[in-house]
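There are 2 protein chains.
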Amino acid sequence: LPDMISISIDAMSGDSGLAVTAPAVLSALQSTPDLKITMVGDEKLIKQAITAPPANLEIQHASEIVAMDEMPALALRNKKDSSMRVAINLLKDKKVDACVSAGNTGALMVTGRFVLKMLEGIDRPAICTSLPTMSSHCWMLDLGANIDSDAEHLMQFAIMGNALVRAVDDNHNARVGLLNIGEEQVKGNHIVKEASSLLQNTSLNYRGFIEGDDIYKGTVDLVVSDGFVGNVALKASEGVARMIQHFLGEEFKKSTLRKLSGFIAMPVLKSLKKRIDPRNYNGASLLGLNGVLVKSHGGTDEFGFERAIMVAYNQAKNGLLEKIKHEMDNMLHQEYM
Amino acid sequence: LPDMISISIDAMSGDSGLAVTAPAVLSALQSTPDLKITMVGDEKLIKQAITAPPANLEIQHASEIVAMDEMPALALRNKKDSSMRVAINLLKDKKVDACVSAGNTGALMVTGRFVLKMLEGIDRPAICTSLPTMSSHCWMLDLGANIDSDAEHLMQFAIMGNALVRAVDDNHNARVGLLNIGEEQVKGNHIVKEASSLLQNTSLNYRGFIEGDDIYKGTVDLVVSDGFVGNVALKASEGVARMIQHFLGEEFKKSTLRKLSGFIAMPVLKSLKKRIDPRNYNGASLLGLNGVLVKSHGGTDEFGFERAIMVAYNQAKNGLLEKIKHEMDNMLHQEYM
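As structure tokens, this is what we get:
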């Protein structure tokens, strides 16, 4: 493992650009002695945002920005000097160990795939992130990179995800569940049924089908799903969490007595908010690419963006890419020959 | 509209059978003067459970019970005198206006479809229920009756759902959203894109694509989705809600001071619990069948089962079936000719 971990940051993307990325970079560098960052973007603006750059910060100029609503194919074709593209180029050229962007998901996927290429044995990238559970946390993929995965793709997602859990959590026996609409073998569409058969023939600790509510129970360490289903499940979950917080706020405002009880319960409410704060889970990996590429939520703040940087740092430090390659080699040469 | 609403109840199904259905029936009858119920199941056991039957309660004997894990096709073929089948037969024979069962979803779907048949113009049934939102509530379908709906099916779901919102909420301009993984036209699979085009050509108040978190924002009154995606979204939502309640409980137990603050905040916590109590949303309609058939959660208690009875009561009282037929006629003869 390398002594220093270096990360390129697409400093201009996201809803707030440098206003979020600059303070997040400074904070991450301050708390992580073995981290080196290259901020990619408009040099003049970056220098304005960071007037006293620390020793482990470099700046790489890039003249363009991919807009948050830009068509991915157009961004790839027309913006070869975008902060996103140049940051990914640094990763491809092995100048850095990982790359983080809060940019347009589609453009990041397309550009990442074009520049970095896919790992051998993987057909498609998958978006993977960690989620809170009642007991600890789990990982889930795909969260929207694909909308029509077949059984083979789902199996590849499981293998990549398993390598991630091994690398980042040092968990060598990750319990893997396949998201379905019923636990019985008779339910589900033909894709998940076929994927389930494939997974049973791997060396993974495959636990069979799980339902949507199992995600948060902590019964598995890795949830595998098609990107359409995974994305809707994740967004619906965020929606419910926000609604409950909204209701809680409303209920505590209904009378003076309740306001007082809310004041008294404040430490608990703050702890709860922290535990379900989506910023703590910011930073999704684009697994399957030949490089550690992490996507931050576009609308996050500096705290959330720093979390995304730390996700990339942990994955690079723990040799995620080598572990995925190793798992794929094992699978390709043992199970299928 | 009829003066009395009569409902047949599959009294034997669900995880707890009569222990739940009997008290729920008695409570519903007591609170609803224009409700008449026929309990279907083992006559001897029903009479044991209800020693003093009220005037508006009838009992219809049925000798068999469909097990919760029984294969739907086998239940249909072999259990012609099951409480589920006989209860649905009463609906088919117009002896009652609606039917409620907490039995095996698959068996209820298959039996309902076989006995009641589909409405004209509807290819498949869809499961529809109401959900809480920040501002009020919305309706969502399909929640798992289908796992591979095409664009035409999704449009039919929208038409049925719209009729339901009109019938039950007296909302004649229901905002309809199509569940997708992005709000932009470029995202999503070909099925939702095609369904979106179809919906734009109807007279529905179609608002375009929505994402998972929009379900709970209250931006639409009707959420349309494939059953696989809808089921996972609903279950994931339930899982998050339970996890947050679990966290809240944990946080309030962490110290004596916090326990005290939890005691003081109890009224608020109880109100919150009530607002997100899934029992309040129990009772899903199997729309598309030629009869008002309502599915209760198998594991619910008497409070939840009574809610399911009231869902059936409201739909029958408001002429749901006639409204769906009317909407389908309009669509078939105006938009498509």
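Protein sequences appear in the order of chains R and V. Quick note, my numbering runs 27 ahead of the 1-based positions in the first sequence. Quick note, my numbering runs 27 ahead of the 1-based positions in the second sequence. Built from N, CA and C at the ideal position, the CB exists for glycine as well.
Residues near residue i in its chain [Cβ-Cβ closer than 8 Å; skip 5 each side]
i      : result
K352/V : L146, E147
E278/V : R285
H199/R : R193
N357/R : S230
Residues that residue i bridges to, as DSSP identifies them
i      : result
Q87/V  : V67/V
F236/V : L205/V
D124/R : Answer is none; D124/R lacks a bridge partner.
S33/V  : K63/V
I154/V : L313/V
H164/R : P159/R
S109/R : E91/R
K350/V : DSSP, once it has assigned bridges, lists no residue as partnering K350/V.
K322/V : S128/V, A311/V
M9/V   : Shown here, chain V extends from 28 to 364; a query on residue 9/V therefore has no answer.
CB contact below 9 Å: residue i versus chain R
i      : result
I36/V  : no
G318/V : no
N307/V : no
N105/V : no
F184/V : no
A102/V : no
K214/V : yes
T156/V : no
D42/V  : no
F236/V : no
Span separating the alpha-carbon of residue i from that of residue j
i      : j      : result
I115/R : L261/R : 27 Å
I133/V : P99/V  : Per the sequence presented here, residue 133/V reads as Gly, with Ile not at that position. Rounded to whole angstroms, G133/V to P99/V spans 5 Å at the Cα level.
L45/R  : G289/R : 36 Å
I77/V  : A49/V  : 7 Å
V52/V  : D240/V : 36 Å
S230/V : L181/V : 15 Å
I242/V : V256/V : 13 Å
M95/V  : K121/V : 27 Å
I154/R : A311/R : 6 Å
I174/V : H217/R : 9 Å
M136/R : L143/R : 10 Å
Y308/V : D108/V : 30 Å
I186/R : L72/V  : 53 Å
E211/V : G235/V : Residue placement at E211/V is flagged as unreliable, the pLDDT there being 49, under the threshold of 50; the coordinate-derived value follows with that caveat. Straight-line Cα distance between these residues: approximately 9 Å.
M270/V : V219/R : 26 Å
L347/V : R202/V : 18 Å
E238/R : L296/V : 28 Å
K63/V  : N232/V : 36 Å
Exposed unless 16 or more other CB atoms sit within 10 angstroms - verdict on residue i
i      : result
K214/V : buried
T160/V : buried
E60/V  : Checking the sequence shown, residue 60/V turns out to be Pro, not Glu. Its Cβ having fewer than 16 others within 10 Å, P60/V is exposed.
N131/V : buried
M293/V : exposed
D30/V  : exposed
M364/V : Confidence at M364/V is low in this model, with a pLDDT of 39, below 50, so the placement of that residue should be treated as unreliable; the coordinate-derived value is given next. Under this definition M364/V is an exposed residue.
Q342/R : buried
Cut-off 7 Å between Cβ atoms - residues of its own chain near residue i, not counting five sequence neighbours on either side
i      : result
S35/R  : T65, V67, A114, L117, L118, V123, C126
K244/R : T160, M161
E265/R : P305
I303/V : P159, A268
F184/R : A153, L168, D169, V251
Closer than 9 Å to chain V by CB, residue i
i      : result
V192/R : no
I208/R : yes
S312/R : no
G139/R : no
I73/R  : no
E211/R : Reliability of the predicted coordinates at E211/R is poor, the pLDDT of 49 falling under 50, and the value obtained from them is presented with this limitation in mind. Yes - at least one Cβ of chain V is within 9 Å of the one on E211/R.
L28/R  : Confidence is the limiting factor: at L28/R the pLDDT is only 49, short of 50, which leaves the residue's position unreliable, though a coordinate-based value still follows. Cβ-Cβ to chain V under 9 Å: no for L28/R.
N258/R : yes
L226/R : no
L299/R : yes
L261/R : yes
6 Å CB neighbourhood of residue i in its chain, flanking five on each side removed
i      : result
M39/V  : G68, I92, S110
G171/R : I154, G254, N258
P81/R  : L56
A102/R : V93, A134
E5/V   : For chain V, the structure presents residues 28 to 364; residue 5/V sits outside this window and is missing.
Any chain C beta carbon closer than 9 Å to residue i
i      : result
M111/R : In the structure shown, chain C cannot be found, because the protein chains are R and V.
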